[in-house]
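K.L.:
Before I ask anything, let me first share the structure, which is written out below as structure tokens.
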Amino acid sequence: MDNLLSLRDFAVSLARLGGDYALRAQEDIVAGHGQISTKASKLDMVTEADRAVEDLITAKIRETFPDHGIYGEERGKSNTESPYCWCLDPIDGTASYIHTQQTFTCSVGLYHQGQEIVGAVYAPALREMFYDSQCGGSWCNGRRLHCTDHALLENSMLATGFSCVRQGWKRPNNLDYFCRLTPLVRGVRRLGSAALDCCYLALGRTDAYWDLNLQPYDCAAGVVIVREAGGMVTDLRGGQDYPYQGILATNGALHETMLGFFQGYSRPEQ
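FYI, in the working numbering the residues of the sequence shown are 286 to 555.
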């Protein structure tokens with residue numbers, strides 16, 4: 286347990302280090318000096334700060350755990366043979382970040398032999414630090430987190446994202462699920478950060494979150510935060526092939542109901 290808690294504390298320090306750097310660098314974007322470029326498409330943006338934050342965190346990991354693997358959004362994978370792998374999303378919610386919104390995060394998750402064991406998600410503009418480990422529960426700024434017990438859609442607030450639409454997925458895509466679910470619930474929110482969506486579920490601000498087009502670094506930290514807060518995470522078919530076959534995170538009470546909306550789902554060939 287002591288080792289797991291020390292790994293959690295290390296993840297928290299990394300997320301804070303990266304988030305604070307990103308928040309300072311956002312001032313350059315406001316002033317028109319920050320570098321912004323695109324990746325796979327003109328809507329898939331990356332900033333100079335994305336890469337700088339990942340490099341900063343990676344250097345700390347290599348200094349402390351030189352034999353651990355790393356999988357970052359901007360620099361890819363290294364030390365893939367290691368049983369430990371740090372999954373990094375240096376700025377989750379880059380579009381929000383560029384537009385000087387507050388709902389961006391620095392997300393740091395740790396896998397051991399393919400299982401998420403530690404996570405830290407820092408929203409620096411909101412001054413909210415979420416963290417957890419498999420043996421220590423989930424927390425935000427020292428407050429223990431618990432998912433809601435809402436079991437009816439009519440009492441629920443959901444969250445989702447639309448990266449599959451921006452990536453050009455043909456229909457059926459997430460717009461179809463959004464249109465089916467929205468009339469049945471109190472609302473569907475889009476924060477623009479998968480990590481923050483998971484954290485808000487753990488905090489009780491929402492009751493379920495789903496998405497179709499994530500990578501492990503998008504959700505590694507958030508998944509264990511949800512589970513340690515009493516929630517449930519599967520793919521959209523009820524299995525464990527997330528995020529490839531989509532991801533569904535809920536308070537647990539809503540899980541079977543939500544799965545019913547994705548019956549027959551299979552990731553489409555694009």
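No residue lacks a Cβ here, since even glycine has one placed at the ideal position from N, Cα and C.
A quick note: this is a predicted structure, and the numbers were derived from the prediction, not measured.
So for residue 365, helix, strand or coil by DSSP?
P.N.:
Coil.
K.L.:
Suppose you measure from the CA of residue 523 to the CA of residue 495; what does that come to, to the nearest Å?
P.N.:
In a straight line, the C-alpha of residue 523 is about 12 Å away from that of residue 495.
K.L.:
Are there three or more Cβ pairs, one per stretch, closer than 8 Å when the region 400-416 is compared with the region 341-361?
P.N.:
No, because fewer than three Cβ pairs between the region 400-416 and the region 341-361 fall closer than 8 Å, the two stretches do not touch.
K.L.:
Just to confirm, is the Cβ distance from residue 338 to residue 368 under 7 Å?
P.N.:
Not closer than 7 Å, so no.
K.L.:
Entirely within the region 375-404 and at least 4 residues each: give me those alpha helix (DSSP H) ranges in chain order.
P.N.:
Runs of the alpha helix (DSSP H) inside the region 375-404: 379-383.
K.L.:
Assuming contact is defined by CB atoms lying nearer than 7 Å, are residue 395 and residue 371 in contact in what I supplied?
P.N.:
The answer is yes: Cβ separation under 7 Å.
K.L.:
Taking only the alpha-carbon atoms, compute the straight-line gap between residue 273 and residue 354 and give it to the nearest angstrom.
P.N.:
Residue 273 lies beyond the range of the chain shown here (286 to 555); nothing can be said about it.
K.L.:
Let me know the alpha helix (DSSP H) ranges lying completely inside the region 409-462, each 4 residues or longer, listed in chain order.
P.N.:
Qualifying alpha helix (DSSP H) stretches, in chain order: 448-451.
K.L.:
Along the chain, where does the alpha helix (DSSP H) containing residue 360 start, and where does it finish?
P.N.:
Premise fails: residue 360 is in no alpha helix (DSSP H) and is neither H nor E.
K.L.:
Considering only the alpha carbon of each residue, which of 414, 504, 444 and 486 lies closest to residue 476?
P.N.:
Comparing Cα positions, the closest option is 444.
K.L.:
In the structure shown, what three-state DSSP assignment does residue 470 receive?
P.N.:
Coil.
K.L.:
Can you find at least 3 beta carbon pairs, one from the region 476-493 and one from the region 527-539, that sit closer than 8 Å?
P.N.:
These segments touch.
K.L.:
Looking at residue 377 and residue 478, is the spacing between their C-beta atoms short of 7 Å?
P.N.:
A contact, by the Cβ cut-off of 7 Å.
K.L.:
How long is the line joining the alpha carbons of residue 508 and residue 297, rounded to whole angstroms?
P.N.:
Each residue's Cα considered, the two are about 16 Å apart.
K.L.:
Within 10 angstroms of its Cβ, does residue 290 collect 16 or more other Cβ (buried), or is it exposed?
P.N.:
Label assigned to residue 290: exposed.
K.L.:
In three-state DSSP terms, what is residue 535?
P.N.:
Strand at residue 535.
K.L.:
Taking just the CA atoms, how far does residue 489 sit from residue 515?
P.N.:
Cα to Cα, residue 515 sits roughly 11 Å from residue 489.
K.L.:
With the cut-off set at 7 Å, would you say residue 299 and residue 502 are in Cβ contact?
P.N.:
Cβ distance not < 7 Å, so residue 299 and residue 502 don't count as in contact.
K.L.:
Could you give the DSSP three-state label for residue 497: helix, strand or coil?
P.N.:
Three-state result, residue 497: coil.
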